[in-house]
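**Q** Mind looking over this structure? Questions follow.
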Amino acid sequence: MKKRLFRGGVLVVFLFMAAASAYALSEKEDSTICQDIISQYSKAYHLEFDIATKDIEDKIYGVWQGKDVVGWDRLSGCYGSGVGDIYIFSQAGWIDGAWPMFQAVYYYHTARIEELSSEDILNAAWADKNYAKQEAVFIIGVDIRGTEKRSPVDNEYSHVVKMLLVGDKLVLQNYYGDYLEMEKVADVEIPEGMIDFY
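Okay, so the sequence shown: first residue is 64 according to the numbering used here, each after it adds one.
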């Protein structure tokens, strides 16, 4: 299958239009529904999650392309899928393949990947064992609009995205449980005339 390439310096995305601010938008959009969902992950994983900072949000915003499968779920094995796929993260949500999710709230927990890879949390195996030795910011994004219509006990992939920030690298868990090392191929820029639209 031919790998889809996406190159460019700046991408103007009209789907996601939100005013730039000095604070994390996750703080602004946080809700009881989102807190209920993240509390279930906290209980299941025995981890405490904090609301994402602006610095964390800025690091994940952009247009990303799946570069390499670097890990997988131990139960399902490696599907090897997602290389070449495009993901967009912006102030107002994300696009995961063809599925747009709006008004995302992000939560994070910092830990060594070895701890996060345990059976109780991600249950992940890594192609490069050096991954396990590194510290990562484990991020869970919750789709606000999606959760308004779904129970928190529904399929987690319908309204949640999981990723790891490992230094400057973004590692995304896709629908199949593979962990994709992502390459940032463009920034998301909001047109000046649309800045107050959101």
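A virtual CB, placed ideally from N, CA and C, is assigned to each residue, including glycine.
From a predicted model like this one, the values you see are computed outputs, not experimental measurements.
1) Below 6 angstroms CB to CB, which residues in the same chain sit around V234 once its five sequence neighbours on both sides are set aside?
2) Please identify the residue among V168, I151, V205 and A190 whose C-alpha is closest to the C-alpha of R137.
3) Can you tell me whether E120 is buried or exposed, with buried defined as 16 or more other CB within 10 angstroms of its CB?
4) How far does the beta strand (DSSP E) with Q128 in it extend, from its first residue to its last?
5) Indicate whether the contact test is met: 3 or more Cβ pairs, each with one atom in the segment 127-134 and one in the segment 142-159, closer than 8 angstroms.
6) Determine whether the beta carbon atoms of V168 and E111 lie at a separation below 8 angstroms.
7) Could you please give the first and the last residue of the uninterrupted beta strand (DSSP E) stretch that includes Y169?
8) Within 10 Å of its beta-carbon, does K196 have 16 or more other beta-carbons around it, so buried, or fewer, so exposed?
9) Using the beta-carbon count (16 or more within 10 Å), is A87 buried or exposed?
**A** This is what the structure gives:
1) L227, Y242 and E244
2) A190
3) buried
4) G125 to D136
5) The segment 127-134, when compared against the segment 142-159, does touch it at the 8 angstroms Cβ threshold.
6) no
7) Its beta strand (DSSP E) spans residues A167 to R175.
8) Exposed, since its Cβ has fewer than 16 Cβ neighbours within 10 Å.
9) buried
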